[in-house]
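Asks:
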Amino acid sequence: MSFFDSQQVKDSIDEIQKLQGEVYQASVGFYGMTTAQRVEHIDKMEILLEKQRILHTRMELDPDPAAKEMLNKMRKVAVGLGIPEEISFNELFQQMEHIIKTMKMGMQST
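Residue numbers for the sequence shown, in our numbering: 4 to 113.
Shown next, in the form of structure tokens:
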């Protein structure tokens with residue numbers, strides 16, 4: 004069975020896509036949100052990041068060529084977005100986690 008044929012993987016991808024849509028759509032109006040809405044939005048970003056990290060790790064560990072091809076595509080997209088090729092996805096996830104924590108701390112001071 005291919006990596007992407009697994010129901011668990013399909014469910015994870017569906018959930019990630021749903022969360023991404025919600026986060027991206029809400030991000031446009033972030034500065035117009037109440038403090039409670041901002042906290043909820045940041046929490047959702049944190050959940051999304053963790054789900055992305057888990058799926059990425061599963062793809063790294065799975066020997067399926069389809070998973071490896073998806074990792075290659077993700078790398079190309081990242082490079083296309085200006086992320087240096089020498090930055091690993093683990094480093095990228097750590098940087099994103101730091102940004103989310105900084106946002107959370109900013110919410111605590113308001």
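Ideal Cβ positions, reconstructed from N, Cα and C, are used throughout, including at glycine. Note that the coordinates shown come from a computational prediction; the quantities given were computed from them, not determined experimentally.
Quick one: what's got a C-beta closer than 7 Å to E63's C-beta in the same chain, skipping five residues either side?
Replies: Same-chain partners within the cutoff: L74.
Asks: Along the chain, where does the alpha helix (DSSP H) containing P68 start, and where does it finish?
Replies: Per DSSP, P68 belongs to the alpha helix (DSSP H) from P68 to G83.
Asks: Please report the distance separating the alpha-carbon of G100 from that of M4.
Replies: The residue asked about is misnamed: residue 100 is Glu in this sequence, not Gly. Approximately 33 Å between the Cα atoms of the pair.
Asks: In three-state terms, what does DSSP make of G32?
Replies: In the structure shown, G32 sits in coil (DSSP, three-state: anything other than H, G, I, E or B).
Asks: Specify the secondary structure class of E43 as computed by DSSP and reduced to three states.
Replies: Note: E43 maps to helix in three-state DSSP.
Asks: Could you tell me whether the Cβ atoms of L51 and V26 are closer together than 8 Å?
Replies: A contact, by the Cβ cut-off of 8 Å.
Asks: How far does the alpha helix (DSSP H) with E100 in it reach, from first residue to last?
Replies: Counting along the chain, the alpha helix (DSSP H) containing E100 begins and ends at F92 to Q111.
Asks: From L58, Q55, E43 and Q98, pick the residue whose C-alpha is nearest to that of A29; which is it?
Replies: Of L58, Q55, E43 and Q98, the residue nearest in Cα terms is E43.
Asks: When burial is assigned at 16 or more other CB atoms within 10 Å of the CB, is A70 buried or exposed?
Replies: Label assigned to A70: buried.
Asks: Could you tell me the alpha carbon to alpha carbon distance between M77 and M36, rounded to whole angstroms?
Replies: Distance between the alpha carbons of M77 and M36: 31 Å.
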